[in-house]
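Numbering (my numbering), first residue to last: -14 to 500.
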């Protein structure tokens, strides 16, 4: 039996698929890595615009809300009408535009719009479509490819902050934003390497034989009664279609030589008109897809753009809960480690070292997830569940972190295990609902995550103000991670329930068809 990769025309797990992965990784390193430097710009915006922390904190909050709310329509309706490459090109222009307008900003409110709304919209047009494209080009090594893609963002968060800090010291905040506007345009150039799978489809040469009918008319002025002429309805032809063969031209029905030349001139004129109507390559492609398409293709059932019935699947319900609530601790832990260390009396240099350790271990941890998943040492869901449990236990032990070396242990453990849920999400979606439902499922997950992350950050800050310590916030994040990890361990029971539901639905359909 052939594998799925043998039934598709584009390369899977080989050839150009690795170019797709390399280009997507560089895009993530630039675009998502810039988001990971938000803490650096947070302080710079406060100093330059003399803004309060509450106003400046709106930037990452609005970015997350815009990204989450826009991802679902982009992954469903957007990719239905546009290719992944087109969407990422739009995202590159939006990101560059955000920093270019920020160069002229004189108020923090303008930065909230540019870096929150515009950059968040660009992130939505880039993140989900790139993950979907990786899923189409990789099958057996999909988990490894997704981990490399997500690890690239961690690598960008490691190497870009020193570069941006140097640019700020030399050119200032406004000069740095202008330079970043040009750097982000590299996303547009890299998107040119993201070939759609349809470009690898073999081009079949389709020849349509011209259909004519002979009509005999009476000629009064000639010596003979009838003279055959060729008629036919006017139509467009493809560029590979040939003119009528000489065998037809010299048949008995063509009459005299002048009539033969007039007929050939008529065909030449028709072909010229058809070529003039094809003003661009898009028109030629449209012609080949509509005029020359097999009739059976038009009768194929179209896939739903937005299939909300996926929410009835127990496996998706389970992972939706894990992804929404487990992401709070996995996403915000590294942000609150710095102020937690400051409350313990550590210096700025010590905090910078903790950030570097966390980012380095995050990069290594995401790569490790891909290697483990690629070697199939355990199931993808089990890998994420264990990572969630370890991360939750690490944060829940926050009360014992006092000396600096203990904070280093916190940074190492959190960095190694917290990113597993993000790097393995595309592979888990493919395992739970299949790649044919990837776009809608991923959009639903991101939309749900947007609500929890949008409300999670203010809640964590409120807990800190209420208790005058970040310990309560860490307890809250750790408990959510522990609950999500235990829930994901129940995946075999939930899968068996989903299989029973699907079997009952199949039996009911069979009974309906038999009746």
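Don't be surprised by glycine CBs; every beta carbon is placed ideally from N, CA and C.
Quick caveat: nothing in here was measured; it's all calculated off a predicted structure.
Asked: Neighbour flag for residue 486 against chain B, beta carbons, 8 Å; Found: The chain labelled as chain B is not found in the depicted structure, where only one protein chain is given.
Asked: Cβ-Cβ separation, residue 459 to residue 383 (assumed contact under 8 Å), whole Å; Found: 4 Å
Asked: Three CB pairs or more closer than 8 Å across the stretch 38 to 55 and the stretch 121 to 134; Found: no
Asked: For residue 351, three-class secondary structure by DSSP; Found: helix
Asked: Where residue -5 sits in the DSSP three-state scheme; Found: coil
Asked: Residue 154: first and last residue of the uninterrupted alpha helix (DSSP H) it sits in; Found: 127 to 169
Asked: 8 Å contact criterion, which residue 87 and residue 162 should meet: CB distance rounded; Found: 5 Å
Asked: Contacting residues, own chain, Cβ-Cβ under 7 Å from residue 301 (five flanking each side not counted); Found: 295, 417, 418, 426
Asked: Sequence-distant residues of its chain with Cβ nearer than 6 Å to residue 186 (five each side left out); Found: -6
Asked: Check whether residue 374 and residue 354 have beta carbons under 8 Å apart; Found: no
Asked: DSSP state of residue 387 mapped onto helix, strand, coil; Found: coil
Asked: Three-way DSSP call (helix, strand, coil) for residue 396 in this model; Found: helix
Asked: Cα-Cα separation between residue 501 and residue 49, rounded to whole angstroms; Found: Outside the displayed range of the chain (-14 to 500) lies residue 501, so it cannot be described from this structure.
Asked: Segments of 4+ residues assigned as alpha helix (DSSP H) that fall wholly inside the stretch 409 to 482; Found: 410 to 418, 423 to 452, 456 to 473
Asked: Simplified DSSP state of residue 345, which is helix, strand or coil; Found: helix
Asked: Given 8 Å, three or more beta-carbon pairs between the stretch 483 to 491 and the stretch 350 to 365; Found: no
Asked: Start and end residues, alpha helix (DSSP H) containing residue 329; Found: First-last for residue 329: undefined, no H or E at that position.
Asked: Nearest neighbour of residue 312, chosen from 340, 415, 164, 470 [CA to CA]; Found: 470
Asked: Exposure label - residue 288; buried when at least 16 CB within 10 Å; Found: Residue placement at residue 288 is poorly supported in this model, since its pLDDT is 47, which falls under 50; the coordinates are not used for a value here.
Asked: Cβ-based neighbour list, residue 423, same chain, cut-off 7 Å, excluding 5 preceding and 5 following; Found: 117, 120, 414, 415
Asked: Cβ neighbour criterion (16 or more within 10 Å) applied to residue 32; Found: exposed
Asked: Three-state class that DSSP yields for residue 303 in the structure shown; Found: helix
Asked: Residue closest to residue 72, alpha-carbon to alpha-carbon, out of 147, 37, 181; Found: 181
Asked: Coil, strand or helix - residue 502 by DSSP; Found: This structure cannot settle anything about residue 502, because the visible part of the chain is limited to -14 through 500.
Asked: CB contact flag (residue 403, residue 330, <8 Å); Found: no
Asked: Where the alpha helix (DSSP H) through residue 88 begins and ends; Found: 69 to 88
Asked: When 436, 346, 377, 386 are compared against residue 309, the one with the closest alpha-carbon; Found: 436
Asked: Inter-residue spacing [alpha-carbon to alpha-carbon] between residue 485 and residue 472; Found: 20 Å
Asked: Option nearest residue 94 by Cα separation, candidates 395, 406, 36; Found: 36
Asked: Three-pair Cβ contact test at 8 Å for the stretch 336 to 349 versus the stretch 449 to 464; Found: no
Asked: CB contact flag (residue 131, residue 316, <8 Å); Found: no
Asked: Residues of its chain near residue 165, where Cβ-Cβ distance is below 6 Å and the 5 sequence neighbours each way are ignored; Found: 84
Asked: Residue 396 and residue 432 closer than 8 Å at C-beta; Found: no
Asked: Spatial distance of residue 322 from residue 467 (CA atoms); Found: 19 Å
Asked: 7 Å CB neighbourhood of residue 208 in its chain, flanking five on each side removed; Found: Any reading at residue 208 must be qualified, since the residue scores a pLDDT of 48, below 50, and its modelled position is unreliable; the value itself is stated next. None.
Asked: Candidates 306, 13, 23: closest to residue 114 by CA position; Found: 13
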